[in-house]
Amino acid sequence: TVVQRLNEAGAVLVAKLTLGALAWGDVWFGGRTRNPWNAETGSSGSSAGSASAVAAGLVPFAIGTETLGSIVSPSTVCGVTGLRPTFGHVSRHGAMALSWSMDKIGPIARSVEDCAIVFDAIHGSDGNDFHMYDAPFAYDAEADPTTIKIGYLASSFAGDYGFKAQDSVALEVLRKQGFELIPIELPEAPELGAILSVEAAAAFDELTRSNRDDELVRQIRRAWPNTFRAARFVPAVEYIQANRLRTQLCLDMQKVFEEVDVYVHPSWNSPSLGITNHTGHPCVVVPNGF
């Protein structure tokens with residue numbers, strides 16, 4: 012559906028890019044996708060080629076997917092802008108499934124405006140992805156941003172981590188632009204890892220039972236082949252209980268947005284990535300330093 016809508020909008024397909032094998036990391040059967048700013052390092056993933064190609068200036072935008080960080084992480088590493096849409100806003104029809112209740116498709120581009128242009132072309136229900144619901148998207152570049160209540164994750168920004176210096180500068184830039192930043196904290200996140208593991212194991216059940224998972228390059232403990240195998244031993248009761256806790260987490264996050272309209276946080280050094288991928292909230296990654 013996304014490809015069809017981009018074609019209808021006038022986009023021109025110039026490349027099909029790499030992704031981490033079965034949507035994990037930047038290693039695939041042909042090698043490793045590189046970070047164009049430092050070819051000695053990888054581009055992260057799993058939307059590895061999408062972020063790398065945009066950062067290298069090879070394409071103005073690319074399509075990525077995220078289940079638990081696969082747009083956010085390579086966008087952070089490669090210094091590009093990534094949009095992970097709200098769950099249910101972009102159809103996954105025709106795309107590889109990893110987790111039916113967590114997969115999202117979104118654009119990676121140079122700027123927020125570019126992401127908005129692409130999102131405008133691809134969002135909306137199509138009658139094929141039954142998790143979809145229609146909601147308006149009315150981006151107004153002339154709107155007064157100072158009317159928006161912005162929160163920030165105080166404890167995350169106070170921590171000691173690799174991007175702390177430039178993240179602190181970003182907060183000051185927002186203050187100088189007239190925003191009042193409201194310190195907030197997110198609800199405590201329960202352990203929900205079983206949801207992704209079990210759904211992914213179901214999606215690739217045939218691969219596991221055929222033993223063709225042995226052909227994957229990565230066979231370390233946390234790589235997909237071993238995750239799929241181990242997930243077969245997760246009791247159904249635990250999967251159901253995890254989803255009940257997830258529902259409570261969604262309700263707890265509603266309370267956060269009674270205080271603020273949006274909040275900022277370090278893309279990696281915060282609990283937000285794991286929480287919002289389970290609750291279905293959107294996320295935009297913006298570069299703020301080299």
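Numbering (my numbering), first residue to last: 12 to 301.
Heads up, the beta-carbon is just placed ideally off N, CA and C, and yes, glycines get one too.
TODO: Identify whether Thr12 lies in helix, strand or coil by the three-state DSSP scheme.
DONE: Stepping through the sequence shown from its first residue, residue 12 is reached at position 1. Reduced to three states, the DSSP call for Thr12 is coil.
Open item on the list: Just to confirm before moving on: does the CB-CB distance between Tyr250 and Ile195 stay below 8 Å?
Closed with: Here residue 250 is taken as the residue at index 239 of the sequence shown, counted from 1. Here residue 195 is taken as the residue at index 184 of the sequence shown, counted from 1. The beta carbons of Tyr250 and Ile195 sit no closer together than 8 Å.
TODO: Can you say whether Met107 is buried or exposed, counting buried as having 16 or more other CB atoms within 10 angstroms of its CB?
DONE: The residue you call residue 107 lines up with position 96 of the sequence shown. Met107 counts as exposed, since fewer than 16 other C-beta atoms from the protein chains shown sit within 10 angstroms of its C-beta.
Open item on the list: Below 8 Å on the Cβ atoms is my contact criterion, and I expect Ser84 with Ala34 to pass it. Report the Cβ-Cβ distance as a whole number of Å.
Closed with: Position 73 of the sequence shown holds residue 84. Position 23 of the sequence shown holds residue 34. Going by Cβ atoms, the distance from Ser84 to Ala34 rounds to 12 Å, so no, they are not a contact pair.
Task: Phe130 vs Lys115 beta-carbon contact at 8 Å - done: Your numbering for residue 130 matches position 119 in the sequence shown. Your numbering for residue 115 matches position 104 in the sequence shown. With respect to Lys115, Phe130 sits apart: the two C-beta atoms are not nearer than 8 Å.
Task: With 16 other Cβ atoms within 10 Å as the buried cut-off, status of Gly170 - done: Stepping through the sequence shown from its first residue, residue 170 is reached at position 159. Burial check for Gly170: the Cβ neighbour count within 10 Å stays below 16, so the residue is exposed.
TODO: Please name the residue or residues paired with Lys115 in a DSSP beta bridge.
DONE: Counting from one through the sequence shown, the residue named residue 115 turns up at place 104. Beta-bridge pairing links Lys115 to Glu77.
TODO: Would you tell me roughly how many angstroms separate the C-alpha atoms of Ala73 and Glu217, rounded to the nearest one?
DONE: Position 62 of the sequence shown, counting from 1, holds the residue named residue 73. Position 206 of the sequence shown, counting from 1, holds the residue named residue 217. The alpha-carbon of Ala73 is positioned some 30 Å away from that of Glu217.
Open item on the list: Rounded to the nearest angstrom, what separates Lys27 and Arg257 at their Cα positions?
Closed with: On the sequence shown, residue 27 is found 16 positions in, with the first residue counted as 1. On the sequence shown, residue 257 is found 246 positions in, with the first residue counted as 1. Each residue's alpha carbon lies about 35 Å from the other.
TODO: Please state whether DSSP places Ala120 in a helix, a strand or coil.
DONE: Within the sequence shown, the letter at position 109 stands for residue 120. Here Ala120 sits in strand by DSSP.
Task: Cβ-Cβ distance between Gly117 and Arg95 below 8 Å - done: Residue mapping note: residue 117 aligns to position 106 of the sequence shown, counting from 1. Residue mapping note: residue 95 aligns to position 84 of the sequence shown, counting from 1. With respect to the 8 Å criterion, Gly117 and Arg95 are classified as neighbours on the basis of their beta carbons.
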